[in-house]
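Quick note: the sequence shown uses our numbering, first residue 1470, plus one each step.
Think of the CB as a built atom: it goes at the ideal place given N, C-alpha and C, for glycine as much as any other residue.
Just so we're clear, the structure is a prediction, and the values are computed from it rather than from any experiment.
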Amino acid sequence: MARKYFGTDGIRGTANKDPMTAEIALKLGKAAGVRFANRGDYRHRVVIGKDTRLSGYMIEPALTAGFISVGMDVILVGPLPTPAIAMLTRSLRADLGVMISASHNAFQDNGIKLFGPDGYKLSDEVELAIEADIDNSENLILAAPDKLGRATRLDDARGRYIEFAKGSFPRDQLLNKLKIVVDCANGAAYKVAPTVLWELEAEVIAIGDKPDGFNINKDCGSTSTEAMCRRVVEEGADLGIALDGDADRLIMCDEKGNIVDGDQLMALIARSWADRGLLNGGGLVATVMSNMGLEKYLEGHGLSLIRTAVGDRYVVEHMRSQGYNLGGEQSGHMVMSDFGTTGDGLIAALQVLSVIVKEERPVSEICKCFEPYPQILKNVRYSAGQPLEDENVKSAISAGEEKLASSGRLLIRKSGTEPLIRVMGEGEDPKLVEQVVDDIVAEVQKAAG
């Protein structure tokens, strides 16, 4: 069934435009509240967190009103990373968790992510049921006047997550020999990330830690790493850590300012965990976007790479069903089920830092696990129609697959969060890959008008 509101990572859109309006947020609060307030005879509650976008001040009270109207108590925690909301949902025995964030998008966008009582994102089936209730919200049964919910603020939420994150780092290690630049993307982790690193005794240089409602992800964070890389070199730091707006992604750089992406970080963690007998499943779960070099590296260490569709929810679903405890995406969204139920950029960084502390070598030597295959990704924006159904596009894709044959691969897909067609090519010959991608992009652009 086609989705009207939910994409691959919750509901997302331009703030104050359908579907990211106060009206939809109110209806969502009512619809999700009714569905999760029937789990037993007790006071039901929902945890609501957000990042630092201006529009959070509009979405948060609208959601709160919706939940209260159907009898759910609301616990407000303010700006905190997405994984903190998942953790607090379980820790506080809440029925539902909500994160208001558009992750790595610019400030004018916002989104709403929902977590069940187990801390995992909701299934497709539950999201579709909530969608149906949103469109029929006038028929939902509201609470009686004496059964309305209440809203309270959890003052120690930040401290709870800080201690949770620190607990994932080995007790016999400290970061006192490391100088770290941490880019908080002017987002949800602007206070907790520098605090965790400092309390573990690192020398911390924080950037992207002055949010003003408009500057989240602007020229900073995991999708704009130039500032981090430059600062690392200027300060003579050992490494840089870049999070995104809601801190569920991680990109790093070494002491020379060279980027270390999610594939390299997953390779490092997988090898480290395997050596210590901590890796479950004999490998890791990643998406179709991960580099072929990662796959070859894992094979060389007797480990496997399982690929899923793009989206951390699909990675997590496979991890849970097949018993893996490590998975993620090339973009830096990494899930470590020993510690949490969703991607956590800060805890992923701590796992990498543990290896760096142990090996006592430059980060450039430790974190460059493999030579990536040349990979080219280009996006084509479209406003309507089905460009991938065009016969000329199909022919260009078939021709490209034939040219790359066994030396590479193609991946063409619609974005789950934006009106984009993503065209990715990968292979041993970079010139051939670029030619193939450009040919397909040209046909998609024609079809997209």
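May I ask you to list the residues that DSSP assigns as paired with residue i?
{"i": "ALA1501", "result": "Answer by DSSP bridge pairing: none, since ALA1501 is not bridged."}
{"i": "LYS1590", "result": "PHE1584"}
{"i": "SER1773", "result": "GLY1752"}
{"i": "MET1568", "result": "GLY1518, LYS1582"}
{"i": "ALA1675", "result": "VAL1651"}
{"i": "THR1664", "result": "In DSSP, THR1664 forms no bridge with anything."}
{"i": "THR1558", "result": "Answer by DSSP bridge pairing: none, since THR1558 is not bridged."}
{"i": "ALA1531", "result": "DSSP output for ALA1531 lists no bridge partner at all."}
{"i": "MET1489", "result": "LYS1486"}
{"i": "ILE1728", "result": "CYS1722"}
{"i": "GLY1919", "result": "A question about residue 1919 goes unanswered here, because the residues of the chain that appear run from 1470 up to 1918."}
{"i": "PHE1638", "result": "In DSSP, PHE1638 forms no bridge with anything."}
{"i": "PHE1683", "result": "Paired residues: none, contrary to the question."}
{"i": "GLY1476", "result": "GLY1479"}
Buried or exposed: where does residue i fall if 16 or more other Cβ atoms within 10 Å of its Cβ makes it buried?
{"i": "LYS1519", "result": "buried"}
{"i": "LYS1827", "result": "exposed"}
{"i": "SER1538", "result": "buried"}
{"i": "SER1606", "result": "buried"}
{"i": "SER1800", "result": "buried"}
{"i": "ARG1782", "result": "buried"}
{"i": "ILE1610", "result": "exposed"}
{"i": "LYS1499", "result": "buried"}
{"i": "LEU1795", "result": "buried"}
{"i": "PRO1550", "result": "buried"}
{"i": "LEU1747", "result": "exposed"}
{"i": "GLY1705", "result": "exposed"}
Residue i to residue j, Cα distance in whole Å?
{"i": "VAL1821", "j": "ALA1613", "result": "51 Å"}
{"i": "ASP1604", "j": "GLY1502", "result": "15 Å"}
{"i": "ASP1732", "j": "LEU1497", "result": "35 Å"}
{"i": "ALA1911", "j": "SER1691", "result": "29 Å"}
{"i": "LEU1734", "j": "ASP1578", "result": "28 Å"}
{"i": "TYR1793", "j": "GLU1668", "result": "31 Å"}
{"i": "GLU1703", "j": "ILE1728", "result": "16 Å"}
{"i": "ARG1776", "j": "THR1558", "result": "29 Å"}
{"i": "SER1875", "j": "ASN1749", "result": "30 Å"}
{"i": "GLY1540", "j": "ASN1608", "result": "16 Å"}
{"i": "ASP1602", "j": "GLY1814", "result": "33 Å"}
{"i": "GLY1509", "j": "LYS1635", "result": "34 Å"}
{"i": "LEU1857", "j": "PRO1899", "result": "24 Å"}
{"i": "LYS1872", "j": "ARG1882", "result": "19 Å"}
{"i": "PRO1680", "j": "GLY1885", "result": "27 Å"}
{"i": "GLY1482", "j": "ASP1744", "result": "43 Å"}
{"i": "ALA1778", "j": "ALA1555", "result": "22 Å"}
{"i": "GLY1894", "j": "PRO1843", "result": "8 Å"}
{"i": "ALA1658", "j": "LEU1846", "result": "29 Å"}
{"i": "GLU1434", "j": "ALA1484", "result": "Past the edges of the chain, shown from 1470 to 1918, lies residue 1434, and the structure says nothing about it."}
{"i": "ASP1641", "j": "ALA1553", "result": "24 Å"}
{"i": "GLU1887", "j": "ASP1625", "result": "35 Å"}
{"i": "LEU1823", "j": "PHE1638", "result": "According to the sequence shown, residue 1823 is Ser rather than Leu. Approximately 7 Å between the Cα atoms of the pair."}
Looking at the secondary structure, which residues open and close the beta strand (DSSP E) in which residue i lies?
{"i": "THR1811", "result": "Taken as a continuous stretch (DSSP letters only), THR1811 belongs to no beta strand (DSSP E), as it is neither H nor E."}
{"i": "MET1721", "result": "1719 to 1722"}
{"i": "ASP1542", "result": "1542 to 1548"}
{"i": "ARG1882", "result": "1877 to 1883"}
{"i": "ILE1480", "result": "1479 to 1483"}
{"i": "ARG1699", "result": "Looking at the DSSP string, ARG1699 is not in any beta strand (DSSP E); the run it does join, the alpha helix (DSSP H), is 1695 to 1704."}
{"i": "ALA1620", "result": "1620 to 1622"}
Between residue i and the rest of its own chain, which residues show a CB-CB distance below 7 Å, the 5 nearest in sequence each way excluded?
{"i": "LEU1666", "result": "LEU1644, ILE1649, VAL1651, VAL1673"}
{"i": "ARG1512", "result": "ASP1542"}
{"i": "SER1806", "result": "MET1788, ASN1794"}
{"i": "ARG1627", "result": "LEU1549, LYS1660, VAL1661"}
On the DSSP letters alone, give me the boundaries of the alpha helix (DSSP H) that residue i sits inside.
{"i": "ASN1848", "result": "Not the alpha helix (DSSP H): ASN1848 falls in the beta strand (DSSP E), residues 1844 to 1850."}
{"i": "ILE1866", "result": "1860 to 1873"}
{"i": "ALA1634", "result": "1626 to 1635"}
{"i": "ASP1892", "result": "Sequence check: residue 1892 is Val here, not Asp. Looking at the DSSP string, VAL1892 is not in any alpha helix (DSSP H); the run it does join, the beta strand (DSSP E), is 1889 to 1896."}
{"i": "ALA1711", "result": "Counting along the chain, ALA1711 falls outside any alpha helix (DSSP H), though it belongs to the beta strand (DSSP E) covering 1708 to 1712."}
{"i": "SER1795", "result": "Per the sequence shown, the amino acid found at residue 1795 is Leu instead of Ser. Taken as a continuous stretch (DSSP letters only), LEU1795 belongs to no alpha helix (DSSP H), being part of the beta strand (DSSP E) at 1795 to 1797."}
{"i": "TYR1783", "result": "1781 to 1791"}
{"i": "VAL1913", "result": "1899 to 1916"}
{"i": "SER1606", "result": "Neither: SER1606 is in no alpha helix (DSSP H) and is coded neither H nor E."}
By Cβ distance, which residues of its chain are closer than 8 Å to residue i, with the 5 residues on each side in sequence left out?
{"i": "GLU1529", "result": "ILE1517, LYS1519, LEU1545, ILE1569"}
{"i": "LYS1698", "result": "Rather than Lys, the amino acid found at residue 1698 in this sequence is Cys. Excluding sequence neighbours, CYS1698 sits near GLY1709, CYS1722, GLY1726, ASN1727, ILE1728."}
Please go through the same chain and pick out, in chain order, the residues whose beta-carbon is closer than 6 Å to the beta-carbon of residue i, but skip the five residues on each side of it.
{"i": "PHE1576", "result": "ARG1522, PHE1683, ILE1685"}
{"i": "ALA1654", "result": "GLY1677, ASN1686, CYS1689, GLY1690, LEU1712, ASP1713, GLY1714"}
{"i": "ARG1619", "result": "ASP1542"}
{"i": "GLY1585", "result": "LEU1591"}
{"i": "THR1477", "result": "GLY1780, GLY1885"}
{"i": "ALA1817", "result": "LEU1719, MET1803"}
{"i": "THR1533", "result": "VAL1543, ALA1620"}
{"i": "GLU1897", "result": "SER1876"}
{"i": "VAL1785", "result": "VAL1804"}
{"i": "GLU1670", "result": "LEU1643, LEU1644, ASN1645"}
Within the 9 Å Cβ cut-off, does residue i reach chain C?
{"i": "ASP1578", "result": "No chain C appears in the structure shown, which is made up of a single protein chain."}
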